[in-house]
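Presented below is the structure to which this report refers.
There are 2 protein chains.
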Amino acid sequence: MTNIPDGKMPETPTMSDVARRAGVSAMTVSRALKEGSHVSKETRERIMQAVNELGYVLDQSAGSLSSRRTGFIAAIIPSINNSNFSDTARGITDALEETGLQLLLGYTNYSVEREEELIEAMLRRRPEGIILTGGSHTPKGRRMLEQAGIPVIETWDRPSQPIDKVVGFSNGEAMELLVETLAAKGYRRFGYIGGTTARDTRGSQRRAGFVCALERLNLPADRLISFGVPPISMEQGAQAVVNMLERWPDTQVVLCVSDLSAFGALMECQRRGMKVPEDIAIAGFGDYEIAACCHPRMTTINVDCYGIGRQAALKLTQAIQGVGKPEALTVTDFRVIEREST
Amino acid sequence: MTNIPDGKMPETPTMSDVARRAGVSAMTVSRALKEGSHVSKETRERIMQAVNELGYVLDQSAGSLSSRRTGFIAAIIPSINNSNFSDTARGITDALEETGLQLLLGYTNYSVEREEELIEAMLRRRPEGIILTGGSHTPKGRRMLEQAGIPVIETWDRPSQPIDKVVGFSNGEAMELLVETLAAKGYRRFGYIGGTTARDTRGSQRRAGFVCALERLNLPADRLISFGVPPISMEQGAQAVVNMLERWPDTQVVLCVSDLSAFGALMECQRRGMKVPEDIAIAGFGDYEIAACCHPRMTTINVDCYGIGRQAALKLTQAIQGVGKPEALTVTDFRVIEREST
DNA sequence: CCTATTTATGTTATCGCTATCATCGAAAGG
DNA sequence: CCTTTCGATGATAGCGATAACATAAATAGG
Chain A
7 MTNIPDGKMP ETPTMSDVAR RAGVSAMTVS RALKEGSHVS KETRERIMQA VNELGYVLDQ
67 SAGSLSSRRT GFIAAIIPSI NNSNFSDTAR GITDALEETG LQLLLGYTNY SVEREEELIE
127 AMLRRRPEGI ILTGGSHTPK GRRMLEQAGI PVIETWDRPS QPIDKVVGFS NGEAMELLVE
187 TLAAKGYRRF GYIGGTTARD TRGSQRRAGF VCALERLNLP ADRLISFGVP PISMEQGAQA
247 VVNMLERWPD TQVVLCVSDL SAFGALMECQ RRGMKVPEDI AIAGFGDYEI AACCHPRMTT
307 INVDCYGIGR QAALKLTQAI QGVGKPEALT VTDFRVIERE ST
Chain B
7 MTNIPDGKMP ETPTMSDVAR RAGVSAMTVS RALKEGSHVS KETRERIMQA VNELGYVLDQ
67 SAGSLSSRRT GFIAAIIPSI NNSNFSDTAR GITDALEETG LQLLLGYTNY SVEREEELIE
127 AMLRRRPEGI ILTGGSHTPK GRRMLEQAGI PVIETWDRPS QPIDKVVGFS NGEAMELLVE
187 TLAAKGYRRF GYIGGTTARD TRGSQRRAGF VCALERLNLP ADRLISFGVP PISMEQGAQA
247 VVNMLERWPD TQVVLCVSDL SAFGALMECQ RRGMKVPEDI AIAGFGDYEI AACCHPRMTT
307 INVDCYGIGR QAALKLTQAI QGVGKPEALT VTDFRVIERE ST
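In the order they appear, the protein sequences are chains A and B. Each residue of the first sequence is one higher than the last, beginning at 7 in our numbering. Each residue of the second sequence is one higher than the last, beginning at 7 in our numbering.
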């Protein structure tokens with residue numbers, strides 16, 4: 007907190023204070039603090055000195071009211087605790103770094119209602135663009151986004167009716183690819199661990215992809231264990247694999263909605279003295295750090311979380327600055343990473 | 007983006023537009039949109055209808071300029087990808103939820119220079135309070151914080167010269183406690199894995215605590231393996247333990263600066279056919295989800311990351327609202343969680 | 001040397017909202 | 001029934017910056 011030496015004003019100084027001290031107009035101060043505007047060297051130095059002496063910090067709220075540019079980008083992710091999504095957030099921030107745009111980050115805890123609230127809270131700050139996770143929103147949320155008059159990017163998915171622009175991939179296809187890859191290795195009795203709730207859209211799509219791929223291969227697709235609502239934990243994976251083994255002890259390979267549950271399953275199997283992949287194979291989704299490091303190392307799908315964020319932010323800044331015409335759809339890569347667990 | 011049905015104005019509506027439509031003054035609209043102000047029921051309904059019809063969303067930048075309250079809280083953490091810190095961020099957001107304050111989150115990548123930039127970027131937004139991680143800042147950063155005239159909370163540490171208020175614990179003491187606990191179990195030949203760089207202050211403090219505790223116990227404290235700059239990865243832990251075993255093959259127990267490196271070490275040991283804890287014991291720091299779930303489950307120190315965030319945010323809102331006089335120092339709990347890895 | 005252009009600075013008018021004070025009618029109190 | 005209080009609303013004036021236009025001085029061009 008400020009310490010106020012008696013008579014002095016405790017108020018944070020304004021641009022006029024700086025201007026007065028430097029003997030110029032406020033406008034000149036404004037220019038001096040902005041890159042690439044014409045201010046003579048001496049004036050600029052005098053102003054900078056005044057700025058330092060007063061400890062002046064530009065008030066961007068005021069600035070953005072007048073310039074009609076807030077310098078904010080909003081991003082809404084399901085969870086900051088999930089490293090897949092925080093990687094995306096990191097990709098966004100990194101891409102934004104040079105543009106001077108600042109990230110307003112919110113997380114929904116996988117709830118569309120919460121997302122709706124967040125959308126409104128964010129729009130109140132008049133972001134210049136907004137990045138969402140997934141393509142499911144409440145009708146009101148959707149309407150607000152459409153009316154906001156700013157570019158919107160949906161990520162981590164390929165919505166059938168995008169609001170505006172998309173940077174994502176098909177979670178279903180990715181899972182299908184994984185099934186096919188494993189089937190090609192000779193596995194036949196597949197199990198799946200992952201939620202079914204409408205809440206986790208990407209989870210449901212992965213599961214649908216699992217079923218779809220097996221049906222196409224004429225293999226049974228009924229070994230499905232679901233657990234509660236997201237966020238999915240490692241521990242849930244451990245419980246689920248127990249469940250799976252009780253119901254279908256001869257399961258050869260278990261695919262999980264995420265590396266986190268896959269890891270929980272893997273550890274639980276080891277705890278029970280089962281060998282992975284000899285007794286049972288396990289694969290995850292997301293290529294989290296843990297998948298590359300655990301023992302045995304985990305087969306999974308890499309989905310370029312960081313790149314999703316980065317590309318979304320780039321597309322957004324393109325749209326904002328009106329530089330070129332950004333593609334409406336960017337499909338991001340995913341690829342199977344075969345490791346020791348299968 | 008907005009679709010503009012020819013003649014219509016594409017501009018986002020303002021409060022005056024709503025006022026005109028509802029047949030009241032802008033001030034009344036402002037009141038109607040704010041909780042606990044006197045507006046008659048009929049008027050409020052009329053206004054809300056106008057709000058919905060126009061799709062009006064309050065402009066908080068303009069509002070905060072006038073009310074001199076931005077509704078922002080800034081928080082700066084080293085990394086969003088580290089679940090310890092993202093837990094803290096979650097604690098902050100959750101505690102803020104009811105207050106209507108919004109979080110401006112930034113991450114430093116463990117760089118104080120970056121922290122300084124972030125502090126300035128944040129202060130430009132005129133947050134009503136700011137939460138920092140750790141007690142090391144650049145002189146300029148420190149000065150800016152002192153002059154900002156807002157409550158400042160340093161967390162995750164116990165700085166010797168706090169700027170304002172503190173919510174944290176001594177990383178050194180926590181590590182000492184872990185050493186003592188394990189020494190009491192009979193371990194004698196301790197090794198430590200973790201960085202030394204000034205960059206990771208908390209890491210250095212933990213290491214100092216390790217050395218300090220061993221010296222007090224008259225045990226050798228020279229088995230130290232350091233690795234590069236943070237963020238610390240699992241893989242680094244794996245490499246470090248190899249290094250440790252080469253130099254001091256008879257090490258009984260390895261303490262790591264974080265559960266993540268501890269996990270990497272644990273997996274690497276298993277990969278090499280060593281049994282944990284029989285051949286070598288391993289302990290981490292932070293009580294990440296992985297520590298409770300891996301096999302064998304990992305001994306570690308729980309440090310209530312979420313609680314740090316929560317308490318910091320509570321203290322901050324107290325200071326902002328001037329309700330009571332918040333304590334300058336809150337020492338948060340830490341405790342050893344003994345599990346199977348030691 | 002004079003006009004055309006550029007550079008450096010100032011003036012003014014908002015940006016969209018809310019604090020503050022003012023107003024007016026209705027309910028409450030004696 | 002008259003004063004007092006309160007509740008509902010409006011009018012006005014900024015908040016602290018910047019856009020836009022204006023002006024004066026400096027430089028360039030012929």
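A virtual CB, placed ideally from N, CA and C, is assigned to each residue, including glycine. Keep in mind that this is a model prediction, so the values were computed, not measured.
Look at the alpha carbon of residue i and the alpha carbon of residue j, and state the distance between them as a whole number of angstroms.
i	j	result
R26 (chain B)	A32 (chain B)	8 Å
E160 (chain A)	G141 (chain A)	6 Å
R205 (chain A)	A56 (chain A)	54 Å
V329 (chain A)	T34 (chain A)	29 Å
E104 (chain B)	L220 (chain B)	46 Å
P332 (chain B)	A68 (chain B)	31 Å
G77 (chain A)	S267 (chain B)	38 Å
R100 (chain A)	N115 (chain B)	The residue you asked about is not Arg; residue 100 (chain A) is Asp in the sequence shown. Whole-angstrom Cα-Cα distance: 11 Å.
H44 (chain A)	S36 (chain A)	11 Å
V30 (chain B)	M21 (chain B)	11 Å
A154 (chain A)	I169 (chain A)	11 Å
P19 (chain A)	T348 (chain B)	57 Å
T305 (chain A)	I137 (chain A)	30 Å
T8 (chain B)	A325 (chain A)	Confidence in T8 (chain B) is poor, its pLDDT being 37 and thus under 50, which makes the residue's placement unreliable; the coordinate value appears in the next sentence. The straight-line gap from Cα to Cα measures roughly 13 Å.
W254 (chain A)	D339 (chain A)	34 Å
S72 (chain A)	E121 (chain B)	28 Å
L60 (chain A)	V24 (chain A)	7 Å
M128 (chain B)	L320 (chain A)	22 Å
L272 (chain A)	Q276 (chain B)	14 Å
N58 (chain A)	E17 (chain A)	16 Å
R164 (chain A)	V158 (chain A)	14 Å
R303 (chain B)	E123 (chain A)	39 Å
Between residue i and residue j, how many whole angstroms is the CB-CB distance? I'm expecting something under 8 Å.
i	j	result
R212 (chain A)	M181 (chain A)	4 Å
I79 (chain A)	L64 (chain A)	With a Cβ gap of about 19 Å, I79 (chain A) and L64 (chain A) do not count as contacting.
N88 (chain A)	P237 (chain A)	6 Å
V172 (chain B)	T336 (chain B)	7 Å
E241 (chain B)	G270 (chain B)	6 Å
R345 (chain B)	I86 (chain A)	Rounded, the Cβ-Cβ distance is 26 Å, inconsistent with contact.
G315 (chain A)	I98 (chain A)	4 Å
T94 (chain B)	I83 (chain B)	6 Å
F196 (chain B)	L225 (chain B)	7 Å
S239 (chain A)	S92 (chain B)	At roughly 15 Å, the Cβ-Cβ gap does not stay under 8 Å, so S239 (chain A) and S92 (chain B) are not in contact.
How would you label residue i, buried or exposed, when you count the other beta carbons within 10 angstroms and need 16 or more for buried?
i	result
D256 (chain A)	exposed
Q167 (chain A)	exposed
A372 (chain B)	Since the displayed chain B opens at 7 and closes at 348, residue 372 (chain B) lies outside it and no answer follows.
Q327 (chain B)	exposed
S46 (chain B)	exposed
N177 (chain A)	buried
G192 (chain B)	exposed
V342 (chain B)	buried
G174 (chain A)	buried
T207 (chain A)	buried
A318 (chain A)	buried
D265 (chain A)	buried
A334 (chain B)	exposed
V185 (chain B)	buried
E274 (chain B)	buried
Using 8 Å as the cut-off, classify the Cβ of residue i as near or not near the heavy atoms of the ligand PLP, replying yes or no.
i	result
L184 (chain B)	Because no ligand of any kind appears in the structure shown, any question about the ligand PLP cannot be addressed here.
| field | Cβ pair count under 8 Å reaching 3, the region 33 to 49 of chain B against the region 225 to 236 of chain A | value | No: fewer than three Cβ pairs fall under 8 Å.
| field | Three or more C-beta pairs below 8 Å linking the region 275 to 284 of chain A and the region 310 to 318 of chain A | value | Three or more Cβ pairs closer than 8 Å define a contact, and the region 275 to 284 of chain A falls short of that threshold against the region 310 to 318 of chain A.
| Are the region 286 to 295 of chain B and the region 254 to 271 of chain B in contact at 8 Å, needing three or more beta carbon pairs? | The region 286 to 295 of chain B is in contact with the region 254 to 271 of chain B.
| Meets three-Cβ-pair contact criterion under 8 Å: the region 48 to 62 of chain B and the region 108 to 122 of chain A | Counting Cβ pairs under 8 Å, fewer than three are found: no touch.
| query | Okay, do the region 142 to 153 of chain B and the region 209 to 225 of chain B touch, 3+ Cβ pairs below 8 Å being the bar? | reply | Flag = no, the region 142 to 153 of chain B and the region 209 to 225 of chain B do not touch.
| said: To test your reading of the DSSP string, which unbroken alpha helix (DSSP H) runs of 4 or more residues are found completely within the region 229 to 299 of chain A? | reply: The qualifying runs are 240 to 253, 265 to 277, 295 to 299.
| task | Take every Cβ of the region 240 to 250 of chain A, pair it with every Cβ of the region 191 to 202 of chain A, and state whether three or more of those distances are shorter than 8 Å. | result | Inter-segment contact for the region 240 to 250 of chain A and the region 191 to 202 of chain A is present: three or more beta-carbon pairs are separated by less than 8 Å.
| request: Please confirm if the region 298 to 306 of chain A is in contact with the region 115 to 133 of chain A, defined as three or more CB-CB distances below 8 Å between the two stretches. | output: Contact fails: fewer than three Cβ-Cβ distances are below 8 Å.
| query | In chain order, which continuous runs of the alpha helix (DSSP H) of length 4 or greater are located wholly inside the region 38 to 94 of chain B? | reply | As far as the region 38 to 94 of chain B is concerned, its whole alpha helix (DSSP H) runs of at least 4 residues are 47 to 60, 66 to 73.
| Where are the alpha helix (DSSP H) runs, 4 residues long or more, that stay fully inside the region 116 to 194 of chain A, in chain order? | Listed in chain order, the complete alpha helix (DSSP H) runs (minimum 4 residues) inside the region 116 to 194 of chain A are 118 to 129, 145 to 153, 177 to 190.
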